[in-house]
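Q: Its first residue numbered 1, the sequence shown is counted upward by one per residue in the working numbering. Yeah, the Cβ is synthetic: ideal placement off N, Cα and C, and Gly gets one too. Quantities reported herein were computed from a predicted structural model and do not represent experimental measurements.
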Amino acid sequence: MSILLDNKTRVLVQGITGKVGSIQTRWMLDYGTNIVAGVTPGKGGITTHGVPVFDSVEEAVDGTGAEASVFFVPASFVMDAFYETVDAGIGLIVVVPEHIPVHDVLKMRSYAQQKNIIALGPTTPGIMTPGKAKMGIMPGSLFKEGRVGIISRSGTLAYEVAGILAEQGIGQSTVVGMGADPVVLSNMEKILELFERDNNTDAVLIVGEVGGMQEEKSAVFIAESMTKPVAAYIAGRYSPEGKRMGHAGAIIRGSAGTVDSKCQALAASGVEILETPGKVADWAKNHNLK
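Given below as structure tokens:
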């Protein structure tokens, strides 16, 4: 069992004929992802790695029954592609590209909420269900099938903690990259709720970082609704105020968004705070996780 994605999910790749889209499609196929279609306007009728390419999302959905989409399109085209994809009936969208204007993301998020779909990103490594499928750019070799759910705002830190767990024989049910921008398309509470309902997820690990208030806001939901153990590692303890650290979302402004404010809010909700990524293995073993 997993949340959102498994090896039966019918995946569409937008921007499949571009350099990045083509390479990542090959790697997703090699991992076992059920990619049924690609979309590049003007390229309809060809194939890429054996996957049929369509001119529009509507044609791809009608022709293949695609139900999830991953974006590898230029940032300036993402918003129009997003509207097209939602209108075509796709229920899960993963937006990998970065540098999408915040006002575009706000509009996209509002539209996704209106249509009751799940969207991840922007600036996300995607979603990984170890041993089954992946949408995005996560390196499959670092993950192991198991029962720990991971929600991460950082792609590389998600890989690191998953790799640490896997080395100890502890696997993951699903790894979700929320996106690293100041504004993202789905809130952490929604993803936590999906893990809480998943019978094959025994515990959840939050990999957070300085900037934004996703972690603080999720603390209320955890206190009120989570019955499964939750731990968190928050990166950026020594980040200077007002300086962007790595990407647009990792910036501290005032007292909110600091490592201390996030840790205090989460700890007050019963979350176990991990001081370093290396502590995730001890946490998992203490809870007899697999």
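Where do the N-terminal and C-terminal ends of the alpha helix (DSSP H) with Ile222 fall, by residue?
A: Unbroken alpha helix (DSSP H) run through Ile222: Gln214 to Ser225.
Q: DSSP state of Ser269, grouped into three classes?
A: Residue state, collapsed to three classes: coil.
Q: Do Thr174 and Glu196 have their beta-carbon atoms positioned less than 8 Å apart in this structure?
A: No, they are not a contact pair.
Q: Rounded to whole angstroms, how far is the Cβ of Ala231 from the Cβ of Leu165, which I believe are closer than 8 Å?
A: At roughly 11 Å, the Cβ-Cβ gap does not stay under 8 Å, so Ala231 and Leu165 are not in contact.
Q: Just to confirm the assignment: which complete beta strand (DSSP E) runs, minimum length 3, are found wholly within the region 115-165?
A: As far as the region 115-165 is concerned, its whole beta strand (DSSP E) runs of at least 3 residues are 118-120, 126-129, 133-136 and 145-152.
Q: Express the C-alpha separation of Ile222 and Ser263 in angstroms, rounding to a whole number.
A: According to the sequence displayed, residue 263 carries Cys and not Ser. Those two C-alpha atoms are separated by around 13 Å.
Q: Provide the residue span of the beta strand (DSSP E) that contains Ala81, from first to last.
A: First-last for Ala81: Ala75 to Asp87, but that is the alpha helix (DSSP H), not the beta strand (DSSP E).
Q: Please name the residue in Val61, Asp198 and Ala203 whose C-alpha comes closest to that of Ile293.
A: Past the boundaries of the shown model lies residue 293; the chain is included only from 1 to 290, so the question cannot be answered.
Q: Compute the Euclidean distance between the alpha carbons of Ser22 and Asp55, then round it to the nearest angstrom.
A: The straight-line gap from Cα to Cα measures roughly 16 Å.
Q: By Cβ distance, which residues of its chain are closer than 6 Å to Glu145, with the 5 residues on each side in sequence left out?
A: Cβ neighbours of Glu145 beyond the five flanking positions: Pro130, Gly131 and Gly171.
Q: May I ask you to report which of helix, strand or coil DSSP gives Glu275?
A: The answer is coil: DSSP assigns Glu275 none of H, G, I, E or B.
Q: Taking 8 Å as the threshold (C-beta atoms), are Ala68 and Thr9 in contact?
A: Yes; because the gap between Cβ atoms is below 8 Å, this pair is in contact.
Q: Going by CA-CA distance only, name the one from Met128, Gly18 and Ile93 that's closest to Ser2.
A: Residue Met128 is the option with its Cα nearest to Ser2.
Q: Round the Cβ separation of Thr48 and Ile16 to the nearest angstrom and send it over; I've been treating them as touching at under 8 Å.
A: Indeed, because the Cβ distance is near 5 Å, the residues count as touching under 8 Å.
Q: Which residues mark the beginning and the end of the beta strand (DSSP E) in which Ser22 is found?
A: Unbroken run through Ser22 is the alpha helix (DSSP H), Lys19 to Tyr31; no beta strand (DSSP E).
Q: Less than 8 Å between the C-beta atoms of Met188 and Ser218, yes or no?
A: Yes; because the gap between Cβ atoms is below 8 Å, this pair is in contact.
Q: What do you get for Ile206, buried or exposed, if any count of 16 or more other CB atoms within 10 angstroms of its CB means buried?
A: With 16 or more other Cβ atoms within 10 Å, it is buried.
Q: Label Pro41 either buried or exposed according to how many other C-beta atoms from any shown protein chain fall within 10 Å of its C-beta, with 16 as the threshold for buried.
A: Burial call: exposed.
Q: Give the DSSP bridge partners of Thr47, in chain order.
A: Answer is Pro52, bridged to Thr47.
Q: Over the uninterrupted beta strand (DSSP E) stretch that includes Gly38, give me the two end residues.
A: Residues Ile35 to Val39.
Q: Just to confirm my understanding: we take Gly249, look at its own chain, exclude 5 residues before and 5 after, and list those with CB closer than 7 Å. What are they?
A: Because the pLDDT of Gly249 is 48, which lies under 50, any placement of that residue in the model is unreliable, and the question is left without a value.
Q: State the Cα-Cα distance for the pair Gln214 and Leu157, rounded to the nearest angstrom.
A: Rounded to whole angstroms, Gln214 to Leu157 spans 17 Å at the Cα level.
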